[in-house]
Each structure stands twice: as C-alpha cells, then as structure tokens.
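Numbers in our numbering are just positions in the sequence shown, counted from 1, shifted up by 478.
Using N, Cα and C, we set each Cβ at its ideal position, and we do this for glycine too.
These numbers were taken from a predicted model, which means no experiment stands behind them.
Here is the structure we will look at, set down as structure tokens.
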Amino acid sequence: MPIVTALFALAFGLSVVGLLSAWIPIGTSAPVVAAMIGLGVGIDYALLIVTRHREGMITGHDPRESIQTTVGTAGRSVLVAGSTVMVALLSLFLIGIPFVSALGLASAITVAATMLAAVTLLPALLAVFGGNLDRLRVRRPRFDHADDHGSGWHRWTRRIQRRPWPYLVSATVVLLILAAPLLSIRLGSSDGGSAPSDSTARRSYDIVAHAFGPGWTGPLLITAEYLSATSPEQAQAWLDELRTDLAATPGVASVPSATLNPSATAGIVNVVPVGSPQDASTEDLVHRLRTDVLPQAEGTSHVGGATATAVDLADRLADRML
C-alpha cells in the first residue's frame, strides 16, 4: 500500500512538472531527480501512516477511529516533514543557476504530491483495504515488550540519558571531523573521461587525449569584440596579438586557430589547455586568462566553452555553499 500510494503521487507530481515545462525551462535531469526523491519520501511518509494505523488496530481501536487518530498525529508529522523538505529544495533557487533551480522546483512538486497523497489517498485506501494489511505480512517471532528493557538498545539509551553531555560533545566532535573535508572540496563536472571504459564516448575521449593531449577533449573558446577597430587590418592585428599572448600563457598547450568574422568586429580563438577539463590546472588557467591576460588585450574578450562553463558553475556552487 505505501508503494502504491507513492507511485500514484509520483505520477501526479511528474505530470504537474511536465505541464510546467511548457512555461518554465526544466532540464531532462530534473524529472529523474524528482522521481528519486519523491519515491523515497513518498514510501517513507506512507509507511509512517500505515505503521501508526496498524498500532491503533492492535490496541483495539475501531478502524475508522484509528484512521482519524492516525491522520491527526502521524499525518501532522508528515505535513511538517514534507514542508521542511520542500523549503530545503526550494532554497536551491538561492544558488542562482537555472538548471539547479529547476531541480529544486521539480523535486519540491513531487514531495508536495506525495505529502498530500499520504494524508488524503492513503487514508481512503486504509478505509477500504485496511482490514487486509497483515494478510501478506511476513510472520516474525513476537517478543514481550517487557524483554525490551533488557535489550542492548534500551541499556544504551538509558546510559545516554544519565550522562547526555559527554555523548553530545563526542558526537559533535565526530561529526565535525567527518565534515572537515568540505572545507577543501573542489567542485566540477564530468566529461568523457567519466564515462564507462567500454562506452563509445570514453573510447573517443581516450583516443583524443592520448593522440593529441588531454586538453583537446575540452578546449577553451575565447571571444574578442573589436568594435573600436578602425579597419579590418587593425582588428586582425589585435587578434593575432591576442593569439600570441594566449600561446605564451602558462597552462596553454597550443592555440590552433584564431578566426575573424567577415565584418572584422569580432574574433574567436581556440585555446587548448595542458590538462583535461577536470584538472585543477585547467580551472586555474580559466581564472588566469580572465584576471591577467584578457584585461591587457585590445577590445573586449571573454572565456567561454563547455569547460569554462563547468568552472563557472563550480565556482558559483562553492560561493553559495561555503
């Protein structure tokens, strides 16, 4: 029953996401992430409702009375928990990256659907099929609740309650130690080198990296705007000078091409880094070009391309997280 409820809620939530995609750009990865989160929390919320209802039935309550009590207690917990999860997911809008915001929006919608299904659809199902909850239940040995007082978990809980501060401090220290690597985290995105070794994309990546160098798998695209050039010859001279400066920059393997548009107002320069798109040296090169090289060049220049975009996304995420 929890799985059925979660699946119905997931179908409804993803349908809403599909409708919103007609007005809001939503990437292909957003429904996948939303389905994963929605299915997980949907089953969890439904299990909480079903478990509480089963406890009410065991204690001798009338099925209708048990459902009402369950929705009033466990249902309230589901609403609070679901609302908290939705707020956390919608906070992804604070990052300021559209596709990340779409992930949060799609996931929040599915969580809202599963939350509402847990307090509306599931109670209706319990009223109709609640008498058959334990029909397919796997029978387990029953133990007297009195025996729980001698269990290891009970003794552990009593020990913590007698002296809570040492355990609180110890747990906090352990969690801080485990979280310490976050301070030195280096974010990035995957490329062809992250694909399975037997995939076509990975084989192509390896051939290019070994034959030409890892930088060829993710070259940088430098755009230059020459609106102040008085002639095509001057614009070409500025572009050639920029190409020379780029080739002399540390971290640049080669500058294979520099092309000026027919109206001589803009140019494109392909820059091949020494390292692969995921290397820290490539990230440093992007920052070096923007802060040291391009400001000294004639015209207005920018660093673009897939590799530079990945660096920008990682920088934005790091700025928002840390």
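Query	Result
Where do the N-terminal and C-terminal ends of the alpha helix (DSSP H) with G630 fall, by residue?	G630 to R640
With H, G and I counted as helix, E and B as strand and the rest as coil, what does DSSP make of G782?	strand
Whose CA, out of L699, A596 and T547, lies closest to the CA of E533?	T547
In chain order, what are the residue ranges of uninterrupted alpha helix (DSSP H) at least 4 long that sit wholly in the region 534 to 570?	541 to 568
Near S648, what residues of its chain come up, given a Cβ to Cβ distance below 6 Å and the 5 sequence neighbours on each side ignored?	none
So, are the CB atoms of G574 and R794 less than 8 Å apart?	yes
Pairs of beta-carbons, one from the region 719 to 726 and one from the region 666 to 675, closer than 8 Å: are there three or more?	no
Is DSSP giving T598 helix, strand or coil here?	coil
Since I746 is in the beta strand (DSSP E), which residue starts that stretch and which ends it?	A744 to P751
Check for me: the alpha helix (DSSP H) holding L665 runs from which residue to which?	Note, L665: premise wrong, no alpha helix (DSSP H); not H, not E.
In terms of alpha-carbon separation, which member of D757, H539, L492 and R641 lies closest to L806?	Lying outside 479 to 800, the shown extent of the chain, residue 806 is not represented and no answer is given.
Opposite L738 in the DSSP bridges: which residues?	G745
Taking the beta carbon of G706 as the centre, do at least 16 other beta carbons fall within 10 Å, making it buried, or is it exposed?	It should be noted that the sequence gives Ser, not Gly, for residue 706. Burial call: exposed.
Determine the closest residue to L581 out of R554, G496, V528 and L656, with distance taken between C-alpha atoms.	G496
Going straight from the alpha carbon of T778 to that of P728, what length do you get?	21 Å
I believe T483 touches A552 by the beta-carbon criterion, under 8 Å. Please report the beta-carbon distance rounded to the nearest angstrom.	That belief does not hold up - the Cβ atoms of T483 and A552 are roughly 13 Å apart, past 8 Å.
Can you give me the Cβ contacts of A784 inside the same chain, cut-off strictly under 7 Å, excluding the 5 residues immediately before and after it?	G696
Could you check if A489 is buried or exposed, using at least 16 other CB atoms within 10 Å of its CB as the buried criterion?	exposed
Using only CA atoms, which one of A736, H688 and S662 lies nearest to L698?	A736
For H531, count neighbouring C-beta atoms within 10 Å of its own C-beta (all shown protein chains included) and say buried if the count is 16 or more, exposed if not.	buried
How big is the Cα-Cα spacing for Q712 and I502?	44 Å
List the residues that DSSP assigns as beta-bridge partners of T701.	I746 and H780
What does DSSP give as the partner residues of S732 in its beta bridges?	V750
Does the beta-carbon distance from G666 to Q756 come in below 8 Å?	yes
Given a threshold of 16 other Cβ atoms within 10 Å of its Cβ, counted over all protein chains shown, does S544 qualify as buried or as exposed?	buried
So, are the CB atoms of T760 and P751 less than 8 Å apart?	yes
On the premise that A702 lies in contact with A744, defined as a C-beta separation below 8 Å, what is that separation, rounded to the nearest angstrom?	6 Å
Within 10 angstroms of its Cβ, does M564 collect 16 or more other Cβ (buried), or is it exposed?	buried
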